[in-house]
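*Asks:* Okay, here's the structure, questions in a sec.
2 protein chains.
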Amino acid sequence: MPQILTRNQQHGFLYEQVVAQVNQMIARNTLCVGDRLPSLRKMSKQLNVSIATVMQAYVQLEGQGLVETRPQSGFYIKSRPVAEPSLPKPTRPLPLPRRIQFGDDISSLFSLANVPGVIPLGVANPAHELLPSKGLTRALKKVASLRPVETMSYCYPPGDFGLRRQIAYRSMERGVNLGPDDFIITTGATEALSISLQAVARPGDAIAVESPTYFCLLQIIEHLGMMAVEISTDPDSGLCVDSLAQALDTVDIKAVISVANFNNPTGALIPDTNKKAILDILAKKQIPLIEDDIFGDLHFSQTRPHTFKAFDAEGLVLTCSSFSKTIAPGYRVGWVSPGRYFEPVLQLKQLVSSATASIPQLTIAEFLRSGLYERHLMRLRRAYREQLEQLRLAVAESFPKGTRLTRPQGGFVLWVQLPRGVDAMDLHADALKQHISVTPGTIFSATGKYRNFIRLCAGSPWDEKMADGVVRLGQLAQALTS
Amino acid sequence: MPQILTRNQQHGFLYEQVVAQVNQMIARNTLCVGDRLPSLRKMSKQLNVSIATVMQAYVQLEGQGLVETRPQSGFYIKSRPVAEPSLPKPTRPLPLPRRIQFGDDISSLFSLANVPGVIPLGVANPAHELLPSKGLTRALKKVASLRPVETMSYCYPPGDFGLRRQIAYRSMERGVNLGPDDFIITTGATEALSISLQAVARPGDAIAVESPTYFCLLQIIEHLGMMAVEISTDPDSGLCVDSLAQALDTVDIKAVISVANFNNPTGALIPDTNKKAILDILAKKQIPLIEDDIFGDLHFSQTRPHTFKAFDAEGLVLTCSSFSKTIAPGYRVGWVSPGRYFEPVLQLKQLVSSATASIPQLTIAEFLRSGLYERHLMRLRRAYREQLEQLRLAVAESFPKGTRLTRPQGGFVLWVQLPRGVDAMDLHADALKQHISVTPGTIFSATGKYRNFIRLCAGSPWDEKMADGVVRLGQLAQALTS
Chain L
1 MPQILTRNQQ
11 HGFLYEQVVA
21 QVNQMIARNT
31 LCVGDRLPSL
41 RKMSKQLNVS
51 IATVMQAYVQ
61 LEGQGLVETR
71 PQSGFYIKSR
81 PVAEPSLPKP
91 TRPLPLPRRI
101 QFGDDISSLF
111 SLANVPGVIP
121 LGVANPAHEL
131 LPSKGLTRAL
141 KKVASLRPVE
151 TMSYCYPPGD
161 FGLRRQIAYR
171 SMERGVNLGP
181 DDFIITTGAT
191 EALSISLQAV
201 ARPGDAIAVE
211 SPTYFCLLQI
221 IEHLGMMAVE
231 ISTDPDSGLC
241 VDSLAQALDT
251 VDIKAVISVA
261 NFNNPTGALI
271 PDTNKKAILD
281 ILAKKQIPLI
291 EDDIFGDLHF
301 SQTRPHTFKA
311 FDAEGLVLTC
321 SSFSKTIAPG
331 YRVGWVSPGR
341 YFEPVLQLKQ
351 LVSSATASIP
361 QLTIAEFLRS
371 GLYERHLMRL
381 RRAYREQLEQ
391 LRLAVAESFP
401 KGTRLTRPQG
411 GFVLWVQLPR
421 GVDAMDLHAD
431 ALKQHISVTP
441 GTIFSATGKY
451 RNFIRLCAGS
461 PWDEKMADGV
471 VRLGQLAQAL
481 TS
Chain V
1001 MPQILTRNQQ
1011 HGFLYEQVVA
1021 QVNQMIARNT
1031 LCVGDRLPSL
1041 RKMSKQLNVS
1051 IATVMQAYVQ
1061 LEGQGLVETR
1071 PQSGFYIKSR
1081 PVAEPSLPKP
1091 TRPLPLPRRI
1101 QFGDDISSLF
1111 SLANVPGVIP
1121 LGVANPAHEL
1131 LPSKGLTRAL
1141 KKVASLRPVE
1151 TMSYCYPPGD
1161 FGLRRQIAYR
1171 SMERGVNLGP
1181 DDFIITTGAT
1191 EALSISLQAV
1201 ARPGDAIAVE
1211 SPTYFCLLQI
1221 IEHLGMMAVE
1231 ISTDPDSGLC
1241 VDSLAQALDT
1251 VDIKAVISVA
1261 NFNNPTGALI
1271 PDTNKKAILD
1281 ILAKKQIPLI
1291 EDDIFGDLHF
1301 SQTRPHTFKA
1311 FDAEGLVLTC
1321 SSFSKTIAPG
1331 YRVGWVSPGR
1341 YFEPVLQLKQ
1351 LVSSATASIP
1361 QLTIAEFLRS
1371 GLYERHLMRL
1381 RRAYREQLEQ
1391 LRLAVAESFP
1401 KGTRLTRPQG
1411 GFVLWVQLPR
1421 GVDAMDLHAD
1431 ALKQHISVTP
1441 GTIFSATGKY
1451 RNFIRLCAGS
1461 PWDEKMADGV
1471 VRLGQLAQAL
1481 TS
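Here the protein sequences line up with chains L and V, keeping their order.
Here the working numbering is used: the first residue of the first sequence is 1, the next is one more, and so on.
Here the working numbering is used: the first residue of the second sequence is 1001, the next is one more, and so on.
In structure tokens:
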């Protein structure tokens, strides 16, 4: 039975339609800061509503601070705050070995974050709309049709040769010339990082990490019974060379782990000169470095940043990565280029999960071979850059005074320092009640630092729902400042 | 340029054709023991060769002991030795905690075993001819077409609900009534076993294992820094209840691992009464049991053997399995039903490889849902039973006097005890030179036992090449007895 609306309901409905239309135009960048909104008459015609309804909607948008009226002229998209938000200060942790004790805290934090309907500001995954669905499905069907025996058979470590060849082929971009036999395929970067760490250190050993750093790295260190030594970082240039050198002089550090290219959570990029300086120090002491280059392909500048491996004359660097942020998280295809640790890493790979599934390997190899990856990457980088910029602007506008933000040069995560006294765990809990996920800062530290920090992710297309989520987050944060 | 054969070459070629034809008919069971060979005239007509050539070929086959002449009657396939080969004796290891030190010995043993062209008696994989290629490819294409977003997205632990439902649906056959939420999907059984062990024990802890047992279990124990306590087994009924009870009284054992249904390497099946008795003892001491049920679906009798889980009133059993021996090794889809250890196993799964690849999960779920699995299993069980029987007969005929064999009631591996003094590592090395792979017995023990044992696998269809491989293996073993 068709529903009959009362006059009032009808009015409310039409009026919301106007608001939605404007929000969509903003989200799609059809309307930018300073642009004039469509005239009352034009909008009224376009949506087939009365001029009074449009007027009322525009006035409401003005009340929300999205729109301003200019006398004798009309309604305009209000200018955003021009001041670039301040950066968080460089970090200064004590470089002492610490046993990590997350237990099951982290998994419980994320237990509700992946539920459909939750605004995904807390989950560093690419939205499926951004993934190369068509090309990948075509590659998958081709593999299924032409290579049925290989899809069913074990693809023994080091993994599919064709895939390793495609990865090696792209190693020049990472600043290094490697062949297929320099790579081992893994079940995602998680496995690559875990077996790399096991190849170079033992339970009880001290591992230097950036502070803040990706919590999964801390979880792996915890799981392996190792200790973490937190090293100072700069919000722009990442790992601090002097602090690392000092820590290496005072603590018996067995390995260094770094997310050099677009640190998770800060988005910092270690400049090439610093990468080289760090490796010079490590080479003298013959200490291995494990790098997680999972965001390296997602640079916003013209050229891809080099990996540590580019400056590695001694085979001390183990570079780990995966296609989870660029092609498809569900494929679980990662890799490691372990330098002089090739043999122990290969053995560990065989031991922990024997082979990696064949179909995902063959399909990604086919997709890379097709040449579609580079075109896809160009689109993806643009999307992430725009989404991240939208997120930064929205946070700068909506969050309490005194909030500081990083300015990532790649990837899609943003590190937000809230005013002192705001507990990010409270914000996380309050936000989840409103179906918004955020990642509290403490899990990026081995010692419970960053209590007033959160990580926000821009992996999903920017839309009204995301914008609304950020506004509400800002209100929740504001409420916690009092 | 067509090659012109000399008269002698031509004769040799034709004559080999006859020998090949007879061997093929034997391999395909067209000719069985006691059957008359085609008459000289018939074979001569069929292959278009002279009667003299056929005669010469038949005489050669007689010389090889494959054929016998019966006066006035013709050539017959010679009867095989009627005596059932003896079983290996029950094992009697000392039940003391031992640190395992394989290092990279095992991976180097297998490094040449998977090379194409090698006769695969050493690798416990199903041949691709036996796998449900058509049905699986159909399922894969269906998933690719209808569920593109899911194929690309993370399928977070505990894994795809549809797959868990299909596995749960089949749990009645394993003697137990479980639901989808009792299962966690893993990257193969290897990962399931490794995280199960990590959930119930810590480095330094003593773990009871069958002697002999699957070497991968020993490698996992080694990798986790735990100790193995070898327990006596019977070649038919597996783990000895009294020996286990005694070991539990004298050693502080933290967990038991068992391949109850068709032990690898012996093929032994622990009777249900023994399973129940073992669990009664473990329940009193609240000690968990991890079972590897990877061969359970491959029973030769009418009904599937129960799992330990069927007798587990207290949630102490962690049942692990995979579809690597039945559907496709390359899919790397396994599972664990961890009883009361669900939460810690789930956390470990998230930690070691986060999700398992989505496509293999979705495809196997689709294949199971289609109902093709049960029909496929019936064919597969018949094939494995026949292949294993052919292998047993061939070994019984070709191997040196004093060789003992197990009589597996399921699975596809055979445990061969060579005469005392024959070193299986030598046999392994000699065989590999002739492109035949075997698995030496010592790696099935934590303490270097079973030096004069080998494991042979019947995962590939029985053909001339396999038969020839076994004959040559027997000759090599014979040479090592002197």
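Beta carbons are placed, not taken as given, at the ideal position from N, Cα and C, and that holds for glycine.
Note that the structure is a prediction, hence the values are computed from the model and not measured.
Mind checking which residues open and close the beta strand (DSSP E) that includes Ile257 of chain L?
*Replies:* Segment 253-258, the beta strand (DSSP E) holding Ile257 of chain L.
*Asks:* Could you compute how far the alpha carbon of Pro1271 of chain V sits from the alpha carbon of Ala1127 of chain V?
*Replies:* Spanning the two alpha carbons is a distance of roughly 29 Å.
*Asks:* Between the beta-carbon of Ala424 of chain L and the beta-carbon of Leu418 of chain L, is there less than 9 Å?
*Replies:* Yes, the Cβ-Cβ distance between Ala424 of chain L and Leu418 of chain L is below 9 Å.
*Asks:* Just to make sure I have the definition right: I need the residues of chain L whose C-beta is within less than 8 Å of the C-beta of Arg1164 of chain V. Which are they?
*Replies:* Correct list: empty, because the minimum Cβ distance to chain L is about 16 Å.
*Asks:* Assuming Leu1391 of chain V and Ile1290 of chain V are in contact, meaning their beta carbons sit under 8 Å apart, how far apart are those beta carbons, in whole angstroms?
*Replies:* Their Cβ separation, rounded to whole angstroms, is 29 Å, which puts Leu1391 of chain V and Ile1290 of chain V out of contact at 8 Å.
*Asks:* Using a C-beta cutoff of 9 Å, does Cys320 of chain L count as contacting chain V?
*Replies:* Not closer than 9 Å to any Cβ of chain V, the Cβ of Cys320 of chain L fails to qualify, so no.
*Asks:* Could you check where the beta strand (DSSP E) with Gln1417 of chain V kicks off and where it finishes?
*Replies:* Here the beta strand (DSSP E) through Gln1417 of chain V covers 1413-1417.
*Asks:* With distances taken Cα to Cα, identify the nearest neighbour of Ala168 of chain L among L:Leu368, L:Val229, L:Leu476.
*Replies:* It is L:Leu368 whose Cα lies nearest to the Cα of Ala168 of chain L.
*Asks:* Measure the beta-carbon distance from Ile221 of chain L to Ile100 of chain L and round it to whole angstroms, keeping in mind my assumption that it falls under 8 Å.
*Replies:* With 8 Å as the limit, Ile221 of chain L and Ile100 of chain L qualify as a contact, their Cβ atoms being about 6 Å apart.
*Asks:* In chain order, what residues of the same chain lie with their CB nearer than 6 Å to the CB of Ala113 of chain L, ignoring the 5 residues before and after it?
*Replies:* If we look at Ala113 of chain L and ignore the five residues flanking it on each side, its Cβ neighbours are Gly122, Val123, Ser437.
*Asks:* Rounded to whole angstroms, what's the CA-CA distance from Gly1225 of chain V to Asp1292 of chain V? Just pull it up for me.
*Replies:* Rounded to the nearest angstrom, the two C-alpha atoms are 20 Å apart.
*Asks:* Do the stretch 1454-1463 of chain V and the stretch 1386-1400 of chain V touch if we need at least three Cβ pairs shorter than 8 Å?
*Replies:* In short, these stretches touch, since the Cβ pair count reaches three.
*Asks:* When the Cβ atoms of the stretch 1154-1167 of chain V are set against those of the stretch 1358-1366 of chain V, are three or more pairs found closer than 8 Å?
*Replies:* Touching, yes.
*Asks:* What does Val1176 of chain V pair with, by DSSP beta-bridge criteria?
*Replies:* DSSP output for Val1176 of chain V lists no bridge partner at all.
*Asks:* Give the single residue among V:Gln1046, V:Gly1238, V:Ser1322, V:Val1200 whose Cα lies nearest to the Cα of Gly1267 of chain V.
*Replies:* When only C-alpha atoms are compared, the closest one is V:Gly1238.
*Asks:* When the Cβ atoms of the stretch 343-350 of chain L are set against those of the stretch 145-154 of chain L, are three or more pairs found closer than 8 Å?
*Replies:* As far as the Cβ criterion goes, the stretch 343-350 of chain L does not touch the stretch 145-154 of chain L, which means the pair count is below three.
*Asks:* Got a sec, what are the start and stop residues for the alpha helix (DSSP H) Thr69 of chain L sits in?
*Replies:* Here Thr69 of chain L belongs to no alpha helix (DSSP H); instead the beta strand (DSSP E) covers 67-70.
*Asks:* Below 9 Å between beta carbons: does that hold for Phe1231 of chain V and Val1209 of chain V?
*Replies:* It is worth fixing the name first, because residue 1231 of chain V is Ile in this sequence and not Phe. Going by C-beta atoms, Ile1231 of chain V is nearer than 9 Å to Val1209 of chain V.
*Asks:* Can you tell me whether DSSP reads Ile454 of chain L as helix, strand or coil?
*Replies:* Ile454 of chain L: strand per DSSP, three-state reduction.
*Asks:* Determine the chain L residues that contact Gln1219 of chain V at a beta-carbon separation under 9 Å, and present them in chain order.
*Replies:* Chain L residues near Gln1219 of chain V: Gln350, Leu351.
*Asks:* On the DSSP letters alone, give me the boundaries of the beta strand (DSSP E) that Leu1289 of chain V sits inside.
*Replies:* Residues 1289-1292.
*Asks:* Just how far apart, CA to CA, sit Leu380 of chain L and Leu248 of chain L?
*Replies:* Cα-Cα distance, rounded: 38 Å.
*Asks:* Taking any Cβ of chain L, which residues in the stretch 1173-1194 of chain V have a Cβ under 7 Å from it, in chain order?
*Replies:* So the close ones are Thr1187, Gly1188, Thr1190, Glu1191, Ser1194.
*Asks:* Please list the terminal residues of the continuous beta strand (DSSP E) segment that includes Thr186 of chain L.
*Replies:* Per DSSP, Thr186 of chain L belongs to the beta strand (DSSP E) from 184-186.
*Asks:* Taking the continuous alpha helix (DSSP H) assigned at Leu1473 of chain V, which residues delimit it?
*Replies:* Leu1473 of chain V -> alpha helix (DSSP H) spans 1464-1481.
*Asks:* With 7 Å as the C-beta to C-beta threshold (strictly closer), list the residues of the stretch 1112-1126 of chain V near chain L in chain order.
*Replies:* Within the stretch 1112-1126 of chain V, the residues whose Cβ lies closer than 7 Å to some Cβ of chain L are Asn1114, Asn1125, listed in chain order.
*Asks:* Chain L partners of Tyr1154 of chain V, CB-CB under 7 Å?
*Replies:* In chain order: Asn125, Pro329, Gly330.
*Asks:* Does the beta carbon of Lys1254 of chain V come closer than 9 Å to any beta carbon on chain L?
*Replies:* For Lys1254 of chain V, the answer is no, since every Cβ of chain L falls outside 9 Å of its Cβ.
*Asks:* Taking only beta-carbon atoms, is His376 of chain L less than 9 Å away from chain V?
*Replies:* It does not; no Cβ of chain V falls within 9 Å.
*Asks:* Do we get a CB-CB distance below 9 Å when we pair Phe1089 of chain V with the residues of chain L?
*Replies:* Per the sequence presented here, residue 1089 of chain V reads as Lys, with Phe not at that position. No, no contact with chain L.
*Asks:* Give the C-beta separation of Ala477 of chain L and Leu414 of chain L to the nearest angstrom, bearing in mind that I take them to be a contact with Cβ-Cβ under 8 Å.
*Replies:* Between Leu414 of chain L and Ala477 of chain L the Cβ distance is about 14 Å, and since that is not below 8 Å, they are no contact.
*Asks:* Counting C-beta neighbours from all protein chains within 10 Å, is the total for Pro1090 of chain V 16 or more, i.e. buried, or is it exposed?
*Replies:* Exposed, because fewer than 16 other Cβ atoms sit within 10 Å of the Cβ of Pro1090 of chain V.
*Asks:* Straight-line CA distance for Arg504 of chain L to Pro265 of chain L?
*Replies:* What is shown of chain L runs 1 to 482, which leaves residue 504 of chain L out entirely.
*Asks:* Unbroken beta strand (DSSP E) runs of length 3 or more, entirely within the stretch 1258-1340 of chain V: which are they?
*Replies:* Taking only runs of at least 3 residues, the beta strand (DSSP E) segments lying wholly in the stretch 1258-1340 of chain V are 1289-1292, 1317-1322, 1334-1337.
*Asks:* Using the Cα positions of His1223 of chain V and His1306 of chain V, report the straight-line distance between them to the nearest angstrom.
*Replies:* So the two alpha carbons sit approximately 30 Å from each other.
*Asks:* Over the uninterrupted alpha helix (DSSP H) stretch that includes Ile221 of chain L, give me the two end residues.
*Replies:* First-last of the alpha helix (DSSP H) with Ile221 of chain L: 215-223.
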